[in-house]
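There are 4 protein chains.
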Amino acid sequence: MSALTDGDAYRGQALGEIHEAALALPNDGKVADYIPALATVDKARCGIAFATLDGEVHAAGDADIAFSIQSISKVFGLVLAMQRMGDGLWERVGMEPSGLPFNSIVQLEWEHGIPRNPFINAGAILVADTLVSHFSSSRLAFRSFVRRLAGSERCDVNDVVLASETRHGSRNAALAHLMKSFGNIEAEVEDVLAHYFFQCSLEMSCRELASSLLFLANRGVHPISDEHVITPRDAHRVNAILSTSGMYDQSGQFAFSVGLPAKSGVGGGIVAVVPGQGVISAWSPALNQHGNSTRALSMITGLAGRLGLSIF
Amino acid sequence: MSALTDGDAYRGQALGEIHEAALALPNDGKVADYIPALATVDKARCGIAFATLDGEVHAAGDADIAFSIQSISKVFGLVLAMQRMGDGLWERVGMEPSGLPFNSIVQLEWEHGIPRNPFINAGAILVADTLVSHFSSSRLAFRSFVRRLAGSERCDVNDVVLASETRHGSRNAALAHLMKSFGNIEAEVEDVLAHYFFQCSLEMSCRELASSLLFLANRGVHPISDEHVITPRDAHRVNAILSTSGMYDQSGQFAFSVGLPAKSGVGGGIVAVVPGQGVISAWSPALNQHGNSTRALSMITGLAGRLGLSIF
Amino acid sequence: MSALTDGDAYRGQALGEIHEAALALPNDGKVADYIPALATVDKARCGIAFATLDGEVHAAGDADIAFSIQSISKVFGLVLAMQRMGDGLWERVGMEPSGLPFNSIVQLEWEHGIPRNPFINAGAILVADTLVSHFSSSRLAFRSFVRRLAGSERCDVNDVVLASETRHGSRNAALAHLMKSFGNIEAEVEDVLAHYFFQCSLEMSCRELASSLLFLANRGVHPISDEHVITPRDAHRVNAILSTSGMYDQSGQFAFSVGLPAKSGVGGGIVAVVPGQGVISAWSPALNQHGNSTRALSMITGLAGRLGLSIF
Amino acid sequence: MSALTDGDAYRGQALGEIHEAALALPNDGKVADYIPALATVDKARCGIAFATLDGEVHAAGDADIAFSIQSISKVFGLVLAMQRMGDGLWERVGMEPSGLPFNSIVQLEWEHGIPRNPFINAGAILVADTLVSHFSSSRLAFRSFVRRLAGSERCDVNDVVLASETRHGSRNAALAHLMKSFGNIEAEVEDVLAHYFFQCSLEMSCRELASSLLFLANRGVHPISDEHVITPRDAHRVNAILSTSGMYDQSGQFAFSVGLPAKSGVGGGIVAVVPGQGVISAWSPALNQHGNSTRALSMITGLAGRLGLSIF
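This is the structure we're talking about:
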C-alpha cells in the first residue's frame, strides 16, 4: 500500500470524523435573511469535500447538494478578469485588506471610488464591470467558465434567488453608483448589477466547488483538465488576497487560527486552498455574526489543524 | 558535494547579485525624519542577510552594521507577551488587518480602545503595557530576550534616538491616553511609553535580526539554541498576523507580490520569514511613501521571486 | 418724508454701492462644472435684490435674470413637506449640522440612512421622497408652489440643465439607494431622483427668490398674498436649520461673519432671511472652494454689516 | 406703572411657573458620573435665573447655589482669548459645527489638529493653550476675569472636582497630545490640561452665570460695570458659534426648538443669551443622553416659547 493511498485513507477518515463532530455542535447561528430567498434553506444541511491534486475527492455529509455560492463567486470573477485584463485591473481595484465590513461605503468614498480589494462587494462589482465591458454576454461567459472548471454542466442560477437579490440590492446599487460618480464604472450600472446578482445566484455543491478551484493549489494549472487557467504568479496573487481578505472581517482571525487562503459566502459555503495539496469546500447555512458559516468554519478549522495544513 | 551545499551556494550567489541590482536602483526615497535622530543615517547603506535553519547566514553589503530596528521591535514584543500572557492577550488586542495607516487614532476610537492588531502603533503600545505590568524591569527583560535570541550581547539602545523618540512622541502619547480612557491600559502611560520608545530605539544588524527570528520559521523552536521560544501554534499565529499586517498599509501588496510573513520598520529594515527554511533581513534607510525601505523591499522581492519562496 | 421711506432710500443706496464694490472685486472663482450645462453661464453676471415686508424690492445689477436655483430649491421642498407631513417628517431626517461636505455618503451610512438635516443632498432627496409619495404629480405641485410664492408664472425648469443633472447624477443616486437600503425611501429611487433633479433645475431671478421667501421673515405669513404658508413655529424652525446648515461647510463661518439664516446653491445664488425685515437674494456664478458664490457672499456680507442685520 | 415694570413682573411670574412645571417632570436623567466627584451632587436641585440688561435678576428655585460650570467655562475662555489674541486665534481653531460628539478625536485627526470650533473639548483645550502661553498665571487670570464679570468674589474652584477631573482626564490628554503632534499646542501638554481642568472645576450659581455673561446680549459691553469686554463684532461672533455649536450634538435641535445662542455643561447648567434683552441660566444635575440637563433644557425651552425669545 503506497504512502499516497495511506494519506488518502487518512484524509477520508479525518473528514468523516470532523463532519460528525460538526453535527454535534449546537447549530444556533442564523441563516442569511437579507435576501428572503436565502432564508428558506434547510438549516440542518452540512457537508464537506476535499479535492486533491491527484484527482481524488473525499467527501462527507451533504457534499453533493448544490447551494447558493454567493460571494464565493467573487473568486471566479476575479480569475476571469485577470485572464482577460492583465495588470491593468489593478489600477481600478486595490489589493489591501479593508478593515471594514464587506459592504462598507465609507472607505469607498474616502478612496475616491477605488475599492480596497476584489473580495469586498464594491471590488467584486468593479470586477463585474470589467466582465460586462469585455464579453458580449458576460453572464453566459461566466457560467461557461465555472462549468468548465467544475467539470459539470449542472451549475446554474437559482431564479428565485436572483429575483430576490435584484429586489433587495439597494446597497450594492449605492456602491455601484458611487463608483460611477468617481468614473470607475464603465458600463451601465444596471447591467453591472445584473451580472453581479447573476453570479451570486449560482448554485454549486461542495464537490463541484472544491474541484473547480484546484488550479489555485496547483500554480494556475487545473490538474484534471490540464487547462492553464492563470499564470503561476497570478495564482499566488489570488491566494495572497484570499489570505488577507477572503473571510470578511474575520480574515485576520482565520489566518491566525487556520492559515489557509479562503473565501466564504453568505449562502453558508467556504472554500479553502491548500497550496500543493488541494482544495477544501464546506457548507452549512447557519452563519455567525461575521456572515461566515459556523459549522463550515468549524470543520475547516478542525481539518486544517488535524492534517497540519497551515501555510505559516 | 551535497544538495544542501549546492542550495547554500545558490542562495549565496543569488543574494550577492540581488544586492548588486539594488545598488544600481535610483535611491530616491526619503530617510525617516519624523524623529530627527533617524534623519542623520547614511542613505547609501544597503545590506541583506538570509539565515537558514541549518545555522548558515548568507550575507551581502552592510549586513553587519547595526541600525534602528524601530517597528521590527513589535515582533519581539508580541512574542514576549504571548509567552507570558497566553490567550488573555487577545481580549485586549485584535488580529484583524487595520486598513488604515499604522498610527491612525480614528479606528482606535471606533473600536473603543481595542487596537486592531499588535503591529499598528496602538497595538504595540498595548503589548508594551502588558510587559510593563508583568516584569519588574520590562526594558531590561526585553533587551535580554532580544540578545539571547540574537546570540549577541551587542544589541543595545541608541540613546540619541531614544531621546528623540521621547521628545517627538506626541502621537503615540495620544494613542496611549485614548486607550487609557477606554480602560485598556493598566500601567501609567508614562511608563508604557518609556518602554515603547526603548524597544523602538534598539539597534541590530541584518545578520542579528535574521538569526534572532529563526524560531518563527521553525515552529517556535530556535534552531541554534534549541530554545522553545513559543508553541508551534503561536509561531503560526505570529506569521499569520505578519502576513496580513506587517508591512503597514502595503501589507496586501507585499502578500500579493512576495508572499511571505514580514515586518518593516522606519529605520529602513525589513525581516521576512520563510517557513521551513529561514529568515531574510534587509536594510537600506531610504523609504517609500508607505514607510517601507525601497531597496530592502526590492531585494526581498527579488530574492523571493528567484528562489520561489512564496507561501501561496 | 417718513422714516420708512428714508430707510428704503438708504437700503437702495447701500445696495447699489455694494453691488458696485462687488463688481470691482477680482472674479476668480470657478463656475460650477460638475454639471456641464451649468458651466456655460456667463461668469460676469452679478445681481442683488432686497425684498422688504412692506412689499418694496430694492435691486441692483442682474436682479431680473433667471438663474439655476439648484440647492436653494431645498428650502421650498422642505417648506412644502412641512406643510403636508407635520412633525412626522423629523423621524426621517435630522436637524443637526453635518460637519461634512454636503454630499457626503459617509455620515449617512454611520447614521443608518437618516440624513443629518434637510439641506445636505441626502436630506433633500429624503424630502423629495415624501413629496413624490404625497402628490400625484410632485413636480407640478412643486412648480405651482414656487410660482404662487414668487407671484410669477415665469419660474420654470431649464431642460438642458435637467438632462445634464440626470446624466451626471451618480452620487445622488448612490445616496438615494443607500437610504433605500436602510428602508428610509418609500417611492422608487428613479422617481425620487427625477423629482429632485427637476426642482434643482428650476430657474428664478434674485427678485423672484427674495419675494417668494418673505414668509420666512414674517412668521410664516407671506406679506404680499397674506397666505399662511407655515406656522410661526415652523418658520422659526426653517430659519434655525438655515442658520446652522444652509451654507454647506461654510455655515459656521457665515453665521460668524454675517449672522443671518441663509441658503446657497451651486448656480451662484444665495438667499438670506432678515427676520422681521425681509429677504436678500444675490447671484453671481463664480464659486469659492466651498461651492458658495464669491461675489454673492461678498455682497450679502457687506449689506448685513452696513445695515446691522445680524440676528446675534 | 411702566411697560418695563410690567415686563419685569411678567418675566418673574413666567419664571416661577416654569420652574414649578419643571419640578413636576419625571427626573429620570442621569447625573454625570464620568468624573466621580460630579456624581455626588443632589439630583433634585433645580434653579433658574434671568438677568436683564436693566440690572434686574429674576430667579426661581436653587438659583443661588453654586454648581460645577464645566463646559460653560469654554465661553469665558474663548472671550478671554479673543480679547488677547485677536483674529490670529481663528488660524488655530475653526468656527464650523462639528457634527460629532463633543470629545471626538476622529475629526481632529482628519483635520490635522485644527479643532472644529472652540466649544468642543479639543477647541477649548486649544484656547487654554493660548491662555497658558499668554498669561504668567493663566489660572489666576481666568478666575479674576470670571469674578469681575460676575461681580462676585465667591466664584472658585472645587478642589475635589479638580482632582477628579485630573485623574480621569485621559481622553482630554489624548486630544491635547494629538494636537501637539500636529504642532498646534505651544505650551507643555501638562500645563495646558492643568489650566483646562481648573476652569472646568469652577463653581458658580445661576444668578452669577446669568449676570456675568450679560455683555453677550449687549454688543460686548457689560451693562452693570460698563466694561467693554469685547467688540460688538466679537460679541456677535461668540453668539453665532454658541448658536451652531453650544449644545453638544443637540445644537441643531436647540436652535430648532428654542432659537437662542446657548452653552451647556455636564454639571447640569445651561446659559442662553437673548440678544438685546439679557441672559438666562438654568441648572439641574440630571442629564439626557446628549449630556444636557433635562430640566434646565425644559425650563429654557418653556421660557423662550412663552416670552417669544427666538432670534429667528
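Protein chains in written order, with the numbering used here: chain W, 197 to 508; chain A, 197 to 508; chain C, 197 to 508; chain L, 197 to 508.
The beta carbon of each residue, even a glycine, is placed where N, CA and C say it ideally should be.
Exposure label - residue i; buried when at least 16 CB within 10 Å
{"i": "Leu200 of chain A", "result": "Bear in mind that a pLDDT of 44 at Leu200 of chain A, under 50, signals an unreliable position, so the number given afterwards is only what the model happens to contain. Classification for Leu200 of chain A: exposed."}
{"i": "Gly504 of chain A", "result": "exposed"}
{"i": "Arg433 of chain C", "result": "buried"}
{"i": "Met197 of chain W", "result": "Model confidence at Met197 of chain W stands at a pLDDT of 35, short of 50, so the residue's coordinates are unreliable and nothing is read from them."}
{"i": "Gly251 of chain C", "result": "exposed"}
{"i": "Arg363 of chain C", "result": "exposed"}
{"i": "Tyr206 of chain C", "result": "exposed"}
{"i": "Gly150 of chain L", "result": "Residue 150 of chain L lies beyond the range of chain L shown here (197 to 508); nothing can be said about it."}
{"i": "Gly472 of chain W", "result": "exposed"}
{"i": "Gly319 of chain A", "result": "buried"}
{"i": "Asp258 of chain A", "result": "buried"}
{"i": "Leu374 of chain W", "result": "buried"}
{"i": "Trp306 of chain C", "result": "exposed"}
{"i": "Leu336 of chain L", "result": "exposed"}
{"i": "Asp325 of chain L", "result": "buried"}
{"i": "His254 of chain C", "result": "buried"}
{"i": "Glu423 of chain L", "result": "exposed"}
{"i": "Glu292 of chain W", "result": "buried"}
{"i": "Ser300 of chain C", "result": "buried"}
Nearest candidate by alpha-carbon position, reference residue i, set the options
{"i": "Pro314 of chain C", "options": "C:Gly347, C:Asp224 and C:Met278", "result": "C:Met278"}
{"i": "Asn354 of chain W", "options": "W:Phe263, W:Gly212 and W:Gly474", "result": "W:Phe263"}
{"i": "Ile507 of chain C", "options": "L:Ala431, L:Ala369 and L:Asn380", "result": "L:Ala431"}
{"i": "Gln449 of chain L", "options": "C:Leu438, C:Leu371 and C:Gly379", "result": "C:Leu438"}
{"i": "Gly487 of chain L", "options": "L:Lys226, L:Asn317, L:Ala500 and L:Thr236", "result": "L:Lys226"}
{"i": "Ala217 of chain C", "options": "C:Ala500, C:Arg491 and C:Gly501", "result": "C:Arg491"}
{"i": "Asp445 of chain L", "options": "L:Leu276, L:Phe331 and L:Gly295", "result": "L:Gly295"}
{"i": "Arg415 of chain W", "options": "W:Leu405, W:Ser421, W:Arg429 and W:Ser407", "result": "W:Arg429"}
{"i": "Ser453 of chain C", "options": "C:Leu499, C:Pro419, C:Gln209 and C:Val323", "result": "C:Leu499"}
{"i": "Arg350 of chain W", "options": "W:Ser377, W:Glu404 and W:Ala233", "result": "W:Glu404"}
{"i": "Glu382 of chain C", "options": "C:Leu322, C:Phe393 and C:Gly365", "result": "C:Leu322"}
{"i": "Lys270 of chain A", "options": "A:Ser300, A:Trp286, A:Ile316 and A:Arg288", "result": "A:Ile316"}
{"i": "Ser408 of chain C", "options": "C:Lys376, C:Asn223, C:Thr497 and C:Ser340", "result": "C:Ser340"}
Supposed contact pair residue j and residue i - C-beta distance, whole angstroms, cut 8 Å
{"i": "Ile268 of chain L", "j": "Val467 of chain L", "result": "6 Å"}
{"i": "Ala247 of chain C", "j": "Leu410 of chain C", "result": "6 Å"}
{"i": "Gly464 of chain W", "j": "Ser441 of chain W", "result": "20 Å between Cβ atoms; not a contact."}
{"i": "Cys396 of chain A", "j": "Glu361 of chain A", "result": "6 Å"}
{"i": "Pro481 of chain L", "j": "Arg241 of chain L", "result": "6 Å"}
{"i": "Gly461 of chain C", "j": "Ile231 of chain C", "result": "Between Ile231 of chain C and Gly461 of chain C the Cβ distance is about 12 Å, and since that is not below 8 Å, they are no contact."}
{"i": "Leu221 of chain W", "j": "Ala256 of chain W", "result": "Not really, about 15 Å apart at Cβ, beyond 8 Å."}
{"i": "Ala413 of chain C", "j": "Val470 of chain C", "result": "6 Å"}
{"i": "Phe378 of chain W", "j": "His330 of chain W", "result": "Contact doesn't hold; Cβ gap of about 21 Å is too wide."}
Handout entry: Proximal residues, the region 302-324 of chain C versus chain W, C-beta separation under 7 Å
Key = Val302 and Glu305
Problem - 4 or more residues per run - each alpha helix (DSSP H) lying fully within the region 351-435 of chain L - result: 355-363, 366-377, 385-396 and 402-408
Problem - chain C contacts made by the region 365-385 of chain W, where a contact means CB separation under 7 Å - result: Ser366, Arg367, Ala369, Ala370, His373, Leu374, Lys376 and Ser377
Handout entry: Inside the region 261-348 of chain A only - alpha helix (DSSP H) runs reaching at least 4 residues
Key = Correct list: 269-281, 302-306, 317-330 and 334-346.
Practice task
With 7 Å as the limit, tell me which residues of the region 456-486 of chain A have their beta carbon closer than that to any beta carbon of chain W; keep them in chain order.
Solution key: Cβ contacts with chain W: Pro457 and Pro471.
Practice task
Using a Cβ-Cβ cut-off of less than 9 Å, give me the residues of the region 429-441 of chain C that come near chain L, in sequence order.
Solution key: Arg429, Ala431, His432, Arg433, Val434, Asn435, Ala436, Ile437, Leu438, Ser439, Thr440 and Ser441
Problem - Members of the region 277-297 of chain W that neighbour chain A once the beta carbon cut-off is set at 9 Å - result: Residues of the region 277-297 of chain W with a C-beta atom less than 9 Å from some C-beta of chain A are Trp286, Gly290, Met291, Glu292, Pro293, Ser294, Gly295 and Leu296, listed in chain order.
Problem - Members of the region 199-223 of chain L that neighbour chain C once the beta carbon cut-off is set at 7 Å - result: none
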